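Participant:
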Amino acid sequence: MEDFKKFSNSNLARMFNEIAAVYEVTGQSFFRTRAYQNAAIAINSSSSQIRDLWDEEKLDTVAGLGTAIISYLDEYFKTGKVSHFDFVRKNVPTGMFNLLDIPGIGPKTAFRLAGELEISSREDLISACKLGKIASLKGFGEKSQSDLLNSALTPRIKKDRVLLFTALTIADDFKKYMQKCSSVIACDFLGSLRRRVATVGDIDLSVATGSPEVVIDHFCKYKEVAKVENGGNKKASVILKNDQRVDLMTGDQASYGTLLAHLTGSKLHNIALRTYALERGFSISEYGIKKPSGEQEKFKTEKEMYEFLGLEYIPPELREGGEEISVALNHKLPDLVDSLDIKGDLQMHTIYSDGVNTIKEMADKAINLGYEYIGITDHSLSPNTHTEKEIVGAVNRYYQEIAQFNYPKSNIRVLLGTECNILSDGRLSLSDNILSIFDFAIASIHTAFNQPKDQITERLLNAVSNPYINFIGHPSGRVLLERLAYDVDWGQFFSYCIKYKKPIEINAFPTRLDLADDLVKKAKDLGIKFIINTDSHSTAHMDYMKYGVFTARRGWCSKEDILNAQSFSVIAKALSLRNL
DNA sequence: GCCGTTTTCGGCCCGACTGTTTTCAGTCG
Ligand SMILES: Nc1nc2c(ncn2[C@H]2C[C@H](O)[C@@H](COP(=O)(O)OP(=O)(O)OP(=O)(O)O)O2)c(=O)[nH]1
Ligand SMILES: [Mg+2]
Ligand SMILES: [Mg+2]
Ligand SMILES: [Zn+2]
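In the working numbering, the protein residues as written are 143 to 722.
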């Protein structure tokens, strides 16, 4: 396995889950087993690469990773293996690990199938089922055998996760359909979707109703449903034709608040909240809060539930099982930035480079969005194929074009910027001379992503310290579900941003969401400001601003942290815009 | 194995659903 895969968060999580499985079937302490599962969850839900945090000696900031597990990680990153894990894995048949991916098979089942029938793959399982070997095992029967066969035969074509954008589109339609059912009092999409996680596994829907059976029937009859996975009296799951899984949970209107909280999660937040309540004698479930007397208190809204617990209302974006509960206890949660606060957008491309609309069309769209200002940031003509005089001439023509309709002739201020490349050797693609004629300039990396960390970092630092560069675009270079971020020493990058008083972009394009939420939080805690840009290549893309706002909210940002939530005079000063 | 502002020991979230069960174990969200 290549290093980047071997050290990826998902592979690390798998490693700890497998050790948890070993402990579970070899009768280790239940809570040690759970600790390994928790470590796996913590690793999977970290937006930062655990490898990077190890590099920066910040692993102890991840809740769920303690001294023992950190030392195993240390050994793994240094040597590529953990000898203690290799040792304990010898106690179980290796084949069992291949079975854990199959839905319905957990550690116990995998252990028995691998141990008693020497099943070590999906194919083995299929033939064992067909031969009727499973049904004869103690504790299994005809039904469980055919369930396992079905499960093993179900192909796994779907990617594990989809973009938040994709999931929201699907969920919006499904919700509209659900609301057509007269038994549906309220319907919401929850889980990672409501927490605005950058990528989403399944879609979780909740419904408040007095007739769950009617609602579940309606749910399963949605025209996009390809397969009903399972259904009970209170919940159901379906797979849509586009392979998206959707879970439904129903509940009474009177206790809908705790149902919302339960299904919004995250799992780690739920556990933390329930543990917090338990310490005070209360037991939380989706049905309400059980008092020490045994009496169940019900909550129509989440707000009332948090209030009952002595906590400030915690916005879904913050419910990740980090410090949100202790901060809410002190009533110190930030007043998160809202899409309505946004007053401008400073990265977009037009027909003068790779965009499809004119400057005027982008400006009109901005007026529709109620913005005060925008920045046009086309890639300039290339210095490799044009003289400086030609480049400057073109820029001046753009200025003249903008002057036809710019403020105060209309309500929108149009700034002229550019997005220049940070070249592989650290130089910028444009000279200071050319950069200086723009109102502002963004520098971004678009090539040589695979350089070692110090080299990439050096390139970024060089750009940050250039007086004509106002901020760095999509700083990590990640493309969700496709390309990992390049290696950056974030501590150093942030300290340069502080030293040179530069904000950082939160690129709102749904495939980027870059800077990522957890790094946003770290930078915010250092006092760094952000600018949320859509990086639009058409007027339609300008609607993606909300995804950047989601990311900022997940990074605990309030309006004060976001420069383009400020009026023009404030951002002009904070960004040191030129030509004013 | 992790965790902590009354605790560094002694706790650790809670319930639905399923299949095989004479009362529960396993898996999942
Ligand atoms: N209390 C409790 N709640 C859970 C547990 N597992 C899941 N939940 C709740 C919180 C989750 O956010 C919610 C939905 O579960 P999902 O597996 O769909 O997770 P989520 O949507 O957060 O992430 P995803 O993007 O779907 O992988 O159900 C659990 O073990 N205990
Ligand atoms: Mg989900
Ligand atoms: Mg789910
Ligand atoms: Zn770019």
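Glycine included, each C-beta is placed from N, C-alpha and C at the ideal position. If you're wondering where the values come from, they're calculated on a predicted model, not measured in any experiment.
For R416, which residues of its own chain have a beta-carbon under 7 Å away from its beta-carbon, when the five flanking residues on both sides are left out?
Facilitator: Within the first sequence, residue 416 is the residue found at index 274, counting from 1. I426.
Participant: Which runs of the beta strand (DSSP E) at least 3 residues long sit entirely within the stretch 373 to 433? Give them in chain order.
Facilitator: 377 to 382, 387 to 393, 425 to 427, 430 to 432
Participant: How far does the beta strand (DSSP E) with R555 in it extend, from its first residue to its last?
Facilitator: Position 413 of the first sequence, counted from the first residue, corresponds to residue 555. That run of the beta strand (DSSP E) goes 555 to 563.
Participant: Please find out if some non-hydrogen atom of ligand 2 comes closer than 7 Å to the beta-carbon of S700.
Facilitator: Walking along the first sequence from the start, residue 700 turns up at place 558. S700 Cβ: outside cutoff for every heavy atom of ligand 2.
Participant: Below 8 Å on the Cβ atoms is my guess for Y165 versus R156; work out the distance and round it to an integer in Å.
Facilitator: As a position in the first sequence, residue 165 is number 23, starting the count at 1. As a position in the first sequence, residue 156 is number 14, starting the count at 1. About 15 Å separates the two Cβ atoms, so there is no contact after all.
Participant: A627 by DSSP, collapsed to three states: which one?
Facilitator: Numbered from 1 along the first sequence, position 485 holds the residue referred to as residue 627. Three-state result, A627: coil.
Participant: What separation, rounded to the nearest whole angstrom, lies between the Cα atoms of Q395 and I381?
Facilitator: The residue labelled residue 395 in the question sits at position 253 within the first sequence. The residue labelled residue 381 in the question sits at position 239 within the first sequence. So the alpha carbons of these two residues sit roughly 27 Å apart.
Participant: Is S334 a contact residue of ligand 2, with contact defined as CB to any heavy atom under 7 Å?
Facilitator: The residue labelled residue 334 in the question sits at position 192 within the first sequence. Checking the Cβ of S334 against ligand 2 gives yes.
Participant: Is DSSP giving T168 helix, strand or coil here?
Facilitator: Here residue 168 refers to the residue found at position 26 of the first sequence. Coil at T168, not helix or strand.
Participant: According to DSSP, is Y319 part of a helix, a strand, or is it coil?
Facilitator: Stepping through the first sequence from its first residue, residue 319 is reached at position 177. Note: Y319 maps to helix in three-state DSSP.
Participant: Say yes only if the C-beta of D314 is nearer than 7 Å to one or more non-hydrogen atoms of ligand 2, and no if none qualify.
Facilitator: As a position in the first sequence, residue 314 is number 172, starting the count at 1. D314 Cβ: outside cutoff for every heavy atom of ligand 2.
Participant: State whether the stretch 308 to 317 contacts the stretch 264 to 279, with contact taken as three or more CB pairs (one from each stretch) at a distance under 8 Å.
Facilitator: no
Participant: Using only the alpha-carbon positions, how far apart do S188 and A414 sit?
Facilitator: The sequence position of residue 188 within the first sequence is 46, counting from 1. The sequence position of residue 414 within the first sequence is 272, counting from 1. Straight-line Cα distance between these residues: approximately 17 Å.
Participant: Reducing DSSP to helix, strand and coil, say where Q542 ends up.
Facilitator: Residue mapping note: residue 542 aligns to position 400 of the first sequence, counting from 1. Q542 falls in the helix class under three-state DSSP.
Participant: Would the beta-carbon of D346 be found less than 7 Å away from any heavy atom of ligand 2?
Facilitator: Residue mapping note: residue 346 aligns to position 204 of the first sequence, counting from 1. Under cutoff, so the answer is yes.
Participant: By the DSSP assignment, the beta strand (DSSP E) with S586 in it spans what residues?
Facilitator: In the first sequence, counting from the first residue as 1, residue 586 sits at position 444. Element bounds for S586: 582 to 586.
Participant: Exposed or buried, which one is F636 when buried takes at least 16 other CB atoms within 10 Å?
Facilitator: Walking along the first sequence from the start, residue 636 turns up at place 494. Burial call: buried.
Participant: Heavy atom of ligand 1 less than 7 Å from the Cβ of G407, yes or no?
Facilitator: Here residue 407 is taken as the residue at index 265 of the first sequence, counted from 1. Answer for G407: yes, Cβ within range of ligand 1.
Participant: Is I413 close to ligand 1? I mean its beta-carbon at under 7 Å from any heavy atom of the ligand.
Facilitator: As a first step, residue 413 must be located in the first sequence, where it is residue number 271. At least one heavy atom of ligand 1 is nearer than 7 Å to the Cβ of I413, so yes.
Participant: For Y610, which three-state DSSP category applies?
Facilitator: Position 468 of the first sequence holds residue 610. Y610 falls in the coil class under three-state DSSP.
Participant: So Y448 is in the alpha helix (DSSP H); what residue range does that whole segment cover?
Facilitator: Here residue 448 refers to the residue found at position 306 of the first sequence. Element bounds for Y448: 444 to 450.
Participant: Taking 7 Å as the cut-off, is the beta-carbon of G343 closer than that to any non-hydrogen atom of ligand 2?
Facilitator: For the purposes of this step, residue 343 is taken as the residue at position 201 of the first sequence. Yes - ligand 2 has a heavy atom lying nearer than 7 Å to the Cβ of G343.
Participant: What's the gap between the Cα of G690 and the Cα of F651?
Facilitator: By 1-based counting over the first sequence, the position of residue 690 is 548. By 1-based counting over the first sequence, the position of residue 651 is 509. Annotation: G690 to F651 spans about 7 Å, alpha carbon to alpha carbon.
Participant: Can the beta-carbon of G208 be found less than 8 Å from the beta-carbon of A184?
Facilitator: As a first step, residue 208 must be located in the first sequence, where it is residue number 66. As a first step, residue 184 must be located in the first sequence, where it is residue number 42. For G208 and A184, no; Cβs fall outside 8 Å.
Participant: Can you list, in chain order, the residues of its chain whose CB lies under 6 Å from that of K701, leaving out five sequence neighbours each side?
Facilitator: Walking along the first sequence from the start, residue 701 turns up at place 559. Same-chain partners within the cutoff: V479, D483, A707.
Participant: Whole-angstrom Cβ separation of I516 and F613, contact assumed at under 8 Å?
Facilitator: Stepping through the first sequence from its first residue, residue 516 is reached at position 374. Stepping through the first sequence from its first residue, residue 613 is reached at position 471. At roughly 15 Å, the Cβ-Cβ gap does not stay under 8 Å, so I516 and F613 are not in contact.
Participant: Taking 8 Å as the threshold (C-beta atoms), are D389 and K377 in contact?
Facilitator: Counting from one through the first sequence, the residue named residue 377 turns up at place 235. Counting from one through the first sequence, the residue named residue 389 turns up at place 247. Taking 8 Å as the Cβ cut-off, K377 and D389 qualify as a contacting pair.
Participant: Check the C-beta distance from T168 over to V224 and give it rounded, since I have them as a contact under 8 Å.
Facilitator: In the first sequence, residue 168 corresponds to position 26, counting from 1. In the first sequence, residue 224 corresponds to position 82, counting from 1. Actually they do not touch by this definition, with Cβ atoms about 17 Å apart.
Participant: Return the chain-ordered ranges of every beta strand (DSSP E) run that is complete within the stretch 215 to 285 and spans a minimum of 3 residues.
Facilitator: none
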